[in-house]
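Numbering (full-length UniProt numbering), first residue to last: 1 to 538.
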């Protein structure tokens, strides 16, 4: 119940004595606190309607009224209801002035209406509201439980909660990062940096959920015009449904990751096996080989649970989807989407949740061959962008992915083998230098600046590269040959890990623990990222 509702009751004939703003009158009333004590704050918890007749308050000093109201404002109370005509013929002026000064509404009730009638009406109204909230919370939980039983998405559950609370609803992790929200793009501050009630009269509330994946903690964040006394009971039962959904999604993610890895590894092979086996792997991963697919490739985040959270973001766009994490990027394959709007919807969602994260989104693909080409080409396209971008229909990586056979790949790798062996033996960076030189369009000045080396050192490296490869980097033919070979090699280097990145309690399992393996992985990572690149993340 709010003060404004109490004022609108014509039978009580209450009068507002202070110049209080309408937003302040929407403060909820938790209960009635009848007291004549000059210092009742020790017995108050907040949002009470303090009622009194002023029997023990026969003082004229305005400072006494100021001190009395100031203490109540610090609780804070919803308002003060003064019963005139008993100890005082009217509301004391000092009380009214103090109410204006400390923004505490002062109301007056006069005979024939007395405080007992007000108490009865307020308590009956609060009790009726509590029963209504209880019914609403159970109905909301039943609706979400039915959706979960049929198979729903996190965004659909959040939409049901948003409809019930009438505001914005989001899921935040233990670090305060927004995982998903309805409507999309909801902003949220950490509890230490925000107020319970904003200047626009919206109430902010955070409801913690049960742990997911052992220790991962999530919370439901709500911004609504309704009071906390209404929001908290509403979120109680439905919070268990959301926790169950997150736990089920995490378990499903761990299972599908292994099947997705088998499918992606097979599609990355230069000479794939029979189409029948490819279709078998697609069905095992949950896809229909006859339906169009859409591939989204995005830069991996530092958080080990980042890819799983990204998966939750797209469950409403792709009723059927799978996600696989590689070392530097993640691949998300979706089906059963809107053919006309899916690509634009994914781009728009990425701009909402991670506008500065590199991502490549393909158009719908109707053949398995197109999917294979996109899987091979999109990681190379990813290094050229710094925001969500539509995939290019024609470029060097896609051409190579389409045209090269196993023999062509082996020839390209054999061509670069002298550089790789030289780097391994001498801890040099000739592969890195070659990539930087080609990225700089053959400009020695730009290459030296990118590598932070002197031009004389660069000249020595380029000469050494030419000697080992048997080509001249000063000719178009030599540069083109090296560019094609590097593109083929880098596509093969973007391999999927032998073990899926199964995340438990915020820890990555299946990671290399052998020092030699770690050293080799570091060397491969250095080659895949030839020179320092300033990357932006969400």
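Heads up, the beta-carbon is just placed ideally off N, CA and C, and yes, glycines get one too.
Problem set entry | Proximity below 8 Å, CB of residue 105 to CB of residue 25 | Counted from its first residue, the chain shown places residue 105 at position 105. Counted from its first residue, the chain shown places residue 25 at position 25. In this structure, residue 25 lies closer than 8 Å to residue 105 by Cβ.
Problem set entry | 8 Å Cβ cutoff met for residue 333 and residue 298 | Walking along the chain shown from the start, residue 333 turns up at place 333. Walking along the chain shown from the start, residue 298 turns up at place 298. Against a cut-off of 8 Å, the Cβ pair of residue 298 and residue 333 comes out as no contact.
Exercise. How many Å lie between residue 326 and residue 357 at the Cα?
Worked result: Here residue 326 refers to the residue found at position 326 when the chain shown is read from its first residue. Here residue 357 refers to the residue found at position 357 when the chain shown is read from its first residue. Their backbone Cα atoms lie some 16 Å apart in a straight line.
Problem set entry | Given 8 Å, three or more beta-carbon pairs between the stretch 232 to 243 and the stretch 127 to 138 | yes
Exercise. Would DSSP call residue 83 helix, strand or coil?
Worked result: Residue 83 sits at position 83 when you count from the first residue of the chain shown. Residue 83: strand per DSSP, three-state reduction.
Exercise. Ordered along the chain, which non-local residues of its own chain (more than five positions away) have a Cβ less than 8 Å from that of residue 5?
Worked result: What you label residue 5 is simply residue 5 of the chain shown in a count that begins at 1. Taken in chain order, the residues that qualify are 125.
For this session: Would you identify the three-state DSSP class for residue 415, choosing helix, strand or coil?
Result: The count along the chain shown starts at 1 and reaches residue 415 at position 415. The DSSP-derived three-state label of residue 415 is helix.
Exercise. I think residue 472 touches residue 466, with their Cβ atoms under 8 Å apart; what is that distance to the nearest whole Å?
Worked result: Here residue 472 refers to the residue found at position 472 of the chain shown. Here residue 466 refers to the residue found at position 466 of the chain shown. Their Cβ separation, rounded to whole angstroms, is 6 Å, which keeps residue 472 and residue 466 in contact under 8 Å.
For this session: Please report how far the alpha carbon of residue 1 lies from the alpha carbon of residue 329, in whole angstroms.
Result: The residue labelled residue 1 in the question sits at position 1 within the chain shown. The residue labelled residue 329 in the question sits at position 329 within the chain shown. Taking the straight line from one Cα to the other gives about 52 Å.
Exercise. Helix or strand or just coil, what does DSSP make of residue 14?
Worked result: Residue 14 sits at position 14 when you count from the first residue of the chain shown. Residue 14: coil per DSSP, three-state reduction.
For this session: Assuming residue 90 and residue 15 form a contact by the criterion Cβ under 8 Å, report the distance between their Cβ atoms to the nearest whole angstrom.
Result: In the chain shown, the residue the question calls residue 90 occupies position 90. In the chain shown, the residue the question calls residue 15 occupies position 15. Not a contact, Cβ separation roughly 10 Å.
Problem set entry | Boundaries of the beta strand (DSSP E) in which residue 223 is found, first to last residue | Here residue 223 is taken as the residue at index 223 of the chain shown, counted from 1. That run of the beta strand (DSSP E) goes 218 to 224.
For this session: Counting only the same chain and skipping the five closest in sequence on each side, list residues whose C-beta sits under 6 Å from that of residue 318.
Result: Sequence index remark: in the chain shown, residue 318 carries index 318 (1-based). Cβ within range, chain order: 334 and 337.
Problem set entry | Among 432, 30 and 282, nearest to residue 123 - alpha-carbon criterion | Within the chain shown, numbered from 1, the residue matching residue 123 stands at position 123. Checked all of 432, 30 and 282; the closest Cα to residue 123 is 30.
Problem set entry | Cβ neighbour criterion (16 or more within 10 Å) applied to residue 459 | Within the chain shown, the letter at position 459 stands for residue 459. Burial call: exposed.
For this session: Flag this pair as yes or no: are the beta carbons of residue 362 and residue 374 separated by less than 8 Å?
Result: For the purposes of this step, residue 362 is identified with residue 362 of the chain shown, where counting begins at 1. For the purposes of this step, residue 374 is identified with residue 374 of the chain shown, where counting begins at 1. In this structure, residue 374 lies closer than 8 Å to residue 362 by Cβ.
Exercise. Does the Cβ-Cβ distance between residue 153 and residue 315 come in under 8 Å?
Worked result: For this step, residue 153 is matched to residue 153 along the chain shown. For this step, residue 315 is matched to residue 315 along the chain shown. In terms of Cβ geometry, residue 153 and residue 315 form a close pair [threshold 8 Å].
Problem set entry | Outcome for residue 55 when other beta-carbon atoms lying within 10 angstroms are tallied against a minimum of 16 | By one-based count along the chain shown, residue 55 stands at place 55. Residue 55 is exposed by the Cβ-count criterion.
Exercise. Do the CB positions of residue 434 and residue 486 come within less than 8 Å of each other?
Worked result: Stepping through the chain shown from its first residue, residue 434 is reached at position 434. Stepping through the chain shown from its first residue, residue 486 is reached at position 486. The answer is yes: Cβ separation under 8 Å.
For this session: Whole angstroms is fine: what's the gap from residue 130's alpha carbon to residue 230's?
Result: Position 130 of the chain shown holds residue 130. Position 230 of the chain shown holds residue 230. If I take the Cα positions, the gap works out to 8 Å.
For this session: Starting from residue 580, follow its DSSP beta bridges and name the residues at the other end.
Result: With the chain represented from 1 up to 538, any question about residue 580 goes unanswered, as that position is not in the structure.
For this session: Consult DSSP for residue 2 and reduce its assignment to one of helix, strand or coil.
Result: To locate residue 2, count along the chain shown from 1; it is residue 2. The answer is strand: DSSP assigns residue 2 an E or B state.
For this session: Output yes or no for whether 8 Å exceeds the beta carbon distance between residue 226 and residue 203.
Result: The residue labelled residue 226 in the question sits at position 226 within the chain shown. The residue labelled residue 203 in the question sits at position 203 within the chain shown. Less than 8 Å divides the Cβ of residue 226 from the Cβ of residue 203.
Exercise. Since residue 360 sits in a beta bridge, which residues does DSSP pair it with?
Worked result: The residue labelled residue 360 in the question sits at position 360 within the chain shown. 297 and 389, per the DSSP bridge assignment.
Problem set entry | Boundaries of the alpha helix (DSSP H) in which residue 437 is found, first to last residue | Mapped onto the chain shown, residue 437 falls at position 437. 430 to 439 is the span of the alpha helix (DSSP H), which, as asked, contains residue 437.
For this session: With DSSP as the reference, label residue 23 as helix, strand or coil.
Result: Residue numbering aside, residue 23 sits at position 23 when the chain shown is read from its first letter. Residue 23 falls in the helix class under three-state DSSP.
Exercise. Where residue 388 and residue 376 are concerned, what is the direct C-alpha to C-alpha distance, given to the nearest angstrom?
Worked result: For the purposes of this step, residue 388 is taken as residue 388 along the chain shown, with counting starting at 1. For the purposes of this step, residue 376 is taken as residue 376 along the chain shown, with counting starting at 1. Cα to Cα, residue 388 sits roughly 18 Å from residue 376.
Problem set entry | Ranges of the beta strand (DSSP E) found wholly within the stretch 47 to 112, counting only runs of at least 3 | 48 to 52, 79 to 83 and 106 to 109
Exercise. Residue 321 bridges to which residues according to DSSP?
Worked result: The residue labelled residue 321 in the question sits at position 321 within the chain shown. Residue 321 pairs with 334.
Exercise. For residue 267 versus residue 242, is the C-beta distance shorter than 8 Å?
Worked result: The count along the chain shown starts at 1 and reaches residue 267 at position 267. The count along the chain shown starts at 1 and reaches residue 242 at position 242. No, the Cβ-Cβ distance between residue 267 and residue 242 is not below 8 Å.
Problem set entry | Alpha-carbon spacing of residue 420 relative to residue 463, whole angstroms | Locating residue 420 in the chain shown gives position 420, where the first residue counts as 1. Locating residue 463 in the chain shown gives position 463, where the first residue counts as 1. Taking the straight line from one Cα to the other gives about 16 Å.
Exercise. From which residue to which residue does the beta strand (DSSP E) around residue 163 run?
Worked result: Here the question's residue 163 lines up with position 163 in the chain shown. No beta strand (DSSP E) holds residue 163; the alpha helix (DSSP H) holding it covers 154 to 165.
For this session: Please report how far the alpha carbon of residue 309 lies from the alpha carbon of residue 3, in whole angstroms.
Result: In the chain shown, residue 309 corresponds to position 309, counting from 1. In the chain shown, residue 3 corresponds to position 3, counting from 1. Taking the straight line from one Cα to the other gives about 42 Å.
Exercise. When the distance is taken between beta carbons, is residue 42 closer than 8 Å to residue 556?
Worked result: It is not possible to answer for residue 556, since the shown part of the chain is limited to 1 through 538.
Exercise. Between residue 292 and residue 279, is the Cβ-Cβ spacing less than 8 Å?
Worked result: Sequence index remark: in the chain shown, residue 292 carries index 292 (1-based). Sequence index remark: in the chain shown, residue 279 carries index 279 (1-based). No, these two residues do not count as a Cβ contact at 8 Å.
Exercise. Residue 8 to residue 172, Cα distance in whole Å?
Worked result: Here the question's residue 8 lines up with position 8 in the chain shown. Here the question's residue 172 lines up with position 172 in the chain shown. The alpha-carbon atoms of residue 8 and residue 172 are separated by roughly 39 Å.
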